[in-house]
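Read the structure below first, then the notes.
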Amino acid sequence: MRDEHVAPPSEHWEKDMATVVGPAPGADREAVGDVAGEAGEAGDRGPASRFPTLAAVVGGAFALWGLVIGVAPLGDNSFLTHLATGRLLLDQGIPTADPYSWTAPGSPWVVQSWLASAVYGLADQVGGGTALRLVVGLSTAVLAALLWRLSRPASLIARVAIVAVALGVGTEAWSERPLLFGLVFLALLLVAADGGLDPRWAVPVLWLWVNMHGSFPLGLVALGLLGLGRHLDGRPSTVEGRVLGWALVGTLLGAVSPLGPRLLWFPVQLLSRQETLHNIVEWKAPTFDTLGQRLFLLQLVAAVVLLVRRPSYRVALPLAVFAAAALLGLRNIPVASLVLVPGMAVCAAGLGTIDGARRSLGTALAAAGLAALAVLVLVSAAGQENFELEGYPVEAVRWLDDEGLVGTEVRLVSRDFVGNYLEALEGEDVRVFMDDRYDMYPPAVAEDYIDLVKGLDPGAVLARYDAEVVLWDRETPFAAWLEEADEWGVVYRDEDWLVACPRSGPGQEGRCPAPAAAP
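Using the working numbering, you'd call the opening residue of the sequence shown number 405 and step up by one each time.
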């Protein structure tokens with residue numbers, strides 16, 4: 405599939421890589437020495453050599469874009485439970501049984517993202533929501549900078565186009581969930597596979613990834629596909645093989661942790677719950693009804709066009725596998741978008757003549773301006789609310805709390821994301837019907853919850869669990885059933901939410917349980 409008449413990536417890319425990261429293991433030392441000599445001669449040409457390159461400035465602008473994405477107010481429902489767990493972890497250690505629900509109390513729970521939760525808990529302890537947003541913002545800024553690094557084989561204009569589309573996808577798809585750390589680790593592995601990072605760094609990267617998010621097998625898959633593709637192109641896959649070897653070592657060492665080998669088995673355990681997962685939005689195929697999803701579709705089309713321009717198995721294999729995964733599951737889009745970038749850059753090499761190596765007083769001033777903008781972004785973020793809770797039943801929960809209906813003794817039924825919200829608010833002092841830890845709940849509980857969401861025989865489900873209070877969003881089939889049910893009466897309404905309790909008799913008002921006596 406390799407075109408023997410196509411030139412390798414531009415020389416400025418190879419020289420730039422050698423001067424920035426040094427020679428990769430096994431590199432041609434004499435060739436690297438020549439590059440270093442040229443760089444040294446360039447450095448003697450005058451004061452302008454101390455200015456940043458145009459490419460570095462543009463990369464800084466993309467990193468600033470990434471920072472803006474990450475410092476936005478927090479509100480992801482999964483993150484809220486990770487935050488609650490981080491607080492609990494710092495106080496009591498890693499929980500091994502469910503501390504939050506009344507439908508599966510004490511069920512075995514593998515806190516697969518324990519290290520990410522610990523980071524959240526520590527940041528919250530040190531600086532509250534502001535520190536949490538700073539952690540997320542730095543992560544997205546680093547990820548954006550790594551995207552720019554992965555685009556290096558292309559000319560400046562092509563790099564801008566490739567990374568801008570990927571960051572457009574990230575603006576919608578990157579959130580404060582632990583997957584964000586996984587994306588950073590994946591980007592580092594891709595940089596190493598391109599020879600830009602010592603392969604041995606894959607050991608700590610994979611150890612961290614195993615202990616922060618269950619997506620770590622995707623890194624191994626990407627490295628394997630890159631190495632196989634290089635082999636099919638008729639070239640030695642030495643670098644990819646070394647990175648993959650060290651990555652496997654890091655993966656196995658990931659079991660050296662408070663949770664042990666269970667972390668390595670977690671992804672398989674999760675995927676075995678397909679009957680439940682196929683009902684969850686993020687596990688369903690994308691509908692391309694949002695800007696981020698449409699940008700990913702544009703990115704995918706552009707990647708295919710560029711591959712036709714410069715055929716390569718090393719580009720084609722990751723593109724095919726990760727694009728297929730993204731088309732099957734919405735949650736795979738940010739991963740696929742990242743994996744596409746280096747292949748697109750290689751295939752776009754030679755499009756355009758601006759290499760971005762120019763240095764001038766203008767680039768220095770632009771870099772200073774970006775630094776000032778970064779400070780302004782951080783100052784502005786510090787003045788914002790740290791949490792964006794639109795979509796959560798804030799007022800309804802406040803009413804429930806005033807009525808003594810939020811606690812460990814109340815059988816409250818609510819949406820899964822509301823369960824996450826309650827856990828962040830109350831920690832162990834609340835019990836929820838369901839949250840989004842679908843890997844932990846017994847399948848019967850998850851199936852009953854899905855029946856409630858669909859409005860399928862809700863009376864039977866509520867009776868089966870002896871439910872005492874229901875908090876639900878109004879524009880749903882289940883809420884409509886509650887409004888009409890003889891057995892339940894609505895005791896609270898606002899614009900978006902209602903609360904219902906059982907009636908003591910036909911035609912009577914709903915009667916909620918009496919508040920538990922104070923200890």
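Even for Gly, the Cβ is constructed at its ideal location relative to N, Cα and C.
* Asked: Going by alpha carbons, who is nearest to ARG639 out of MET616, LEU702, TYR717?
  -> TYR717
* Asked: Secondary structure at ASP900, three-state DSSP: helix, strand or coil?
  -> coil
* Asked: If you follow the alpha helix (DSSP H) that VAL750 is part of, which residue opens it and which one closes it?
  -> 737-752
* Under a three-way DSSP split, which group does GLY893 fall into? -> Residue state for GLY893 is assigned as strand, using DSSP reduced to three classes.
* Which stretch, first to last residue, makes up the alpha helix (DSSP H) that contains LEU487? -> Per DSSP, the continuous alpha helix (DSSP H) segment holding LEU487 begins and ends at 481-496.
* Using only alpha-carbon positions, find the residue among VAL514, HIS486, TRP885, PHE726 that is nearest to ASP843. => VAL514
* Asked: Roughly how many angstroms lie between the CA atoms of HIS416 and ASP759, to the nearest whole one?
  -> Low local confidence applies: a pLDDT of 37 at HIS416 is under 50, so the model's placement there is unreliable, with the coordinate-based value given in what follows. The alpha-carbon atoms of HIS416 and ASP759 are separated by roughly 7 Å.
* Chain-order list of residues whose beta-carbon lies under 8 Å from that of GLU913 (same chain, five-residue window excluded) -> GLY893, VAL895, ARG907
* Using a Cβ-Cβ cut-off of 6 Å (strictly less than) and excluding sequence neighbours within five positions of GLU832, which residues of its own chain qualify? -> For GLU832, where only same-chain residues beyond five positions count, the Cβ hits under 6 Å are PRO503.
* Between PRO603 and the rest of its own chain, which residues show a CB-CB distance below 6 Å, the 5 nearest in sequence each way excluded? -> ALA596, ARG646, VAL647, TRP650
* Terminal residues of the alpha helix (DSSP H) in which LEU875 lies -> Where LEU875 is concerned, there is no enclosing alpha helix (DSSP H), although the beta strand (DSSP E) it sits in stretches over 873-877.
* Complete beta strand (DSSP E) runs within the region 741-826 (minimum length 3 residues, chain order) -> With a minimum length of 3 residues, there is no unbroken run of beta strand (DSSP E) contained wholly in the region 741-826.
* Opening and closing residue of the alpha helix (DSSP H) in which ALA918 lies -> Counting along the chain, no alpha helix (DSSP H) covers ALA918, and no H or E run does either.
* Report the three-state DSSP secondary structure of SER543 (helix, strand or coil). => helix
* **Beta-carbon gap between LEU519 and ASN615 smaller than 8 Å** => yes
* Under 8 Å between the Cβ atoms of LEU478 and ASN824? -> no
* Between ALA720 and ALA577, what straight-line distance do the alpha-carbon atoms span, to the nearest angstrom? -> 24 Å
* ILE932 - containing alpha helix (DSSP H), residue span -> Examination of residue 932 is not possible in this model, given that the chain is present from 405 through 923 alone.
* **Per DSSP, the bridge partner or partners of ALA501** => PRO512
* Is it the case that the Cβ atoms of ALA558 and LEU755 are separated by a distance below 8 Å? -> Yes, they are a contact pair.
* May I ask you to verify whether the region 673-681 touches the region 523-530, counting CB pairs closer than 8 Å and requiring at least 3? => no
* Helix, strand or coil: which one does DSSP assign to PRO621? -> helix
* What are the start and end residues of the alpha helix (DSSP H) that includes PRO862? -> 862-868
* Rounded to whole angstroms, how far is the Cβ of LEU551 from the Cβ of VAL750, which I believe are closer than 8 Å? -> Wrong, their Cβ atoms sit about 14 Å apart, outside the cutoff.
* Asked: Taking just the CA atoms, how far does LEU875 sit from LEU704?
  -> 41 Å
* Asked: In whole angstroms, what separates the C-alpha of LEU624 from that of PRO722?
  -> 12 Å
* Select from GLU827, GLY696, PHE700 the residue whose C-alpha is nearest the C-alpha of GLY811. => GLU827
* Asked: Using the beta-carbon count (16 or more within 10 Å), is ALA568 buried or exposed?
  -> exposed
* Nearest candidate by alpha-carbon position, reference ALA871, set GLY510, TRP605, CYS916 -> CYS916
* How big is the Cα-Cα spacing for THR680 and GLU794? -> 27 Å
* **Stretch pair the region 795-814 + the region 467-474: three plus CB contacts closer than 8 Å** => no
* Asked: Less than 8 Å separating the beta-carbons of SER505 and PHE837?
  -> yes
* Have a look at GLN496 and ASP840 and give me their C-alpha separation to the nearest angstrom. => 22 Å
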